[in-house]
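-7 is the number of the first residue of the sequence shown in the numbering used here; add one for each residue after it.
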Amino acid sequence: MVYLFTSEAVTEGHPDKICDLISDAILDEILKQDKKAHVAVETAVSTGLVMVLGEVSTSSYVNIHEIVQNTIKEIGYTKPEYQFDYRGCGILVGIKAQSPDIAQGVKEGNLEVIGAGDQGIMFGYACTETPELMPLPISLANKLAKKISDERKTGKIPYLRPDGKVQITVQYSDSHEPQKVTTVVIAQQHDETHGGKPIAQKTIESALFPSIKKILGKYFTKETKIILNGTGKFVIGGPASDTGMTGRKIIADTYGGMAPHGGGCFSGKDPTKVDRSANYMARYIAKNIVAAKLAKRCTVQLGYVIGMSEPVSVWVDTHGTGKVDNNELISLIKKHFRLKPGQIIADLNLRQPIYKKTACYGHFGRDEFSWEKCDKADALSKEA
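What follows is the structure, encoded as structure tokens:
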């Protein structure tokens, strides 16, 4: 029996993504000066207002106001009529030092003894649906959202505004093979008028259609339904329309709902926070298992305790597609992947100012990041 599955992505102008980008921009600027800084920064935005909150322990100094303004400008909030722009928004900063109760458990120094910066459960996932070993719905949604944003920023479609969402529905066979895209839903902010004339939704849809067809490729059919701005208008958007907060798009950040999520967000957190680093490691493991052709689908879970370096659990599920027993895979994981937080940081080279790039269009499925390497696949394949 066929079934439908839907995933959503957002552009960098979405209120929640503004917050993720600001939080990770601050993290990057701190890491440029102090690679061992402990950072947990969260951002909230509303009409004309940005609040930056959190805990930071560092020997560096960064200009928070300047980072916030530059990030908002890069996103594209440059006009007062947006009711949120980089020149006019108020910026409130409430940052304090990291709790000493947490700091004493992280124990910087030897990679073997660095403790987890928090307790929690982290999931990684990979599958054979796309070349990047990601689920097709979220892969297409992220690529289309980025394409629409690029066309706005380059001026190809000059009347688009920064806020936007893309939702993709894929039809699957009963053997979990993607067959076609049935529905594309786009909410895209736009100007009221262009060239002195009101902008019709059909005009926007016609302008976006070539990109939609190109991104969907073979999954686009003559039956694919395109729904643009379901209310018929999307002029007031961004923080003037909805309050935004860091960490509210964790499903768009990961696998579009195709895999479980432990609940912790990534943005604004340095890599001692296993919410971030262990999720990256779990993806690295799952992707290498699938790349080794040991499974067509793979979910990995890691569990940690604050202040302790060894994970309390390692779990894997190949969803009935595995070529070897799941317990054998767990043994291979423990042999080929180092799972202590300090080791993860070292092996994935996570103390680098790379995080602003991760904040929009997905943390996974992008070859530029170390956790997307498949360099363990051959070894896993030979031993299995």
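Ideal Cβ positions, reconstructed from N, Cα and C, are used throughout, including at glycine. Everything numeric in this text was worked out from a predicted model, so none of it was measured.
Asked                                                                                                 : Found
Proximity to Leu132 [Cα-Cα], best of Phe356, Leu372, Lys368                                           : Phe356
Nearest candidate by alpha-carbon position, reference Ala118, set Phe76, Leu286, Ala36, Glu34         : Leu286
Reduced DSSP category for Thr174 - H, G, I as helix; E, B as strand; rest coil                        : strand
Nearest to Val31 (by Cα), restricted to the options Phe258, Val304, Gly299, Ile325                    : Phe258
Same chain, Cβ closer than 6 Å to Ile178, neighbours up to 5 away in sequence not counted             : Val158, Leu220
Nearest residue (CA-CA) to Lys172, options Val2, Ile106, Leu(-4)                                      : Leu(-4)
Span separating the alpha-carbon of Lys261 from that of Cys366                                        : 25 Å
Residues bridged to Leu294 (per DSSP)                                                                 : Met114, Val306
Bridge partner(s) assigned by DSSP for Tyr378                                                         : Absent from the structure is residue 378, since the part of the chain shown begins at -7 and ends at 376.
Residues near Pro345 in its chain [Cβ-Cβ closer than 6 Å; skip 5 each side]                           : Asp20, Leu23, Lys24
When Met43, Ala36, Glu47, Lys374 are compared against Asp29, the one with the closest alpha-carbon    : The question names Asp, but residue 29 is Ala in the sequence shown. Selected option, being the one with the closest Cα: Glu47.
For Asp155 and Gly5, believed in contact at Cβ under 8 Å, the rounded distance                        : 4 Å
Whole beta strand (DSSP E) elements within the region 28 to 83, 3-residue minimum                     : 30 to 38, 41 to 49
Enclosing alpha helix (DSSP H) for Lys217 [first to last residue]                                     : Segment 217 to 220 is the beta strand (DSSP E) holding Lys217; no alpha helix (DSSP H) there.
Distance between Gly256 and Ala95 (C-alpha atoms, nearest Å)                                          : Summary for Ala95: the model assigns pLDDT 49, below 50, so the residue's position carries little reliability; its value from the coordinates is reported in the next sentence. So the alpha carbons of these two residues sit roughly 19 Å apart.
Cα-Cα separation between Ala199 and Tyr69, rounded to whole angstroms                                 : 22 Å
Segment contact, 8 Å Cβ cut-off, at least three pairs: the region 210 to 224 with the region 53 to 64 : no
Cβ pair Ala274, Ala369 closer than 9 Å                                                                : no
Beta carbon of Phe115 nearer than 9 Å to that of Gly209                                               : no
Thr35 beta carbon near the ligand FMN (any heavy atom closer than 8 Å)                                : For the ligand FMN, the structure offers nothing, since it holds no ligand at all.
As assigned by DSSP and simplified to three states, the class of Glu4                                 : coil
Rounded separation between Gly334 and Val304 - CA only                                                : 16 Å
Three or more C-beta pairs below 8 Å linking the region 309 to 319 and the region 230 to 240          : no
Own chain residues within Cβ distance below 7 Å of Ala371, not counting five before or after          : His328
Cα-Cα separation, Lys189 to Gln163                                                                    : 39 Å
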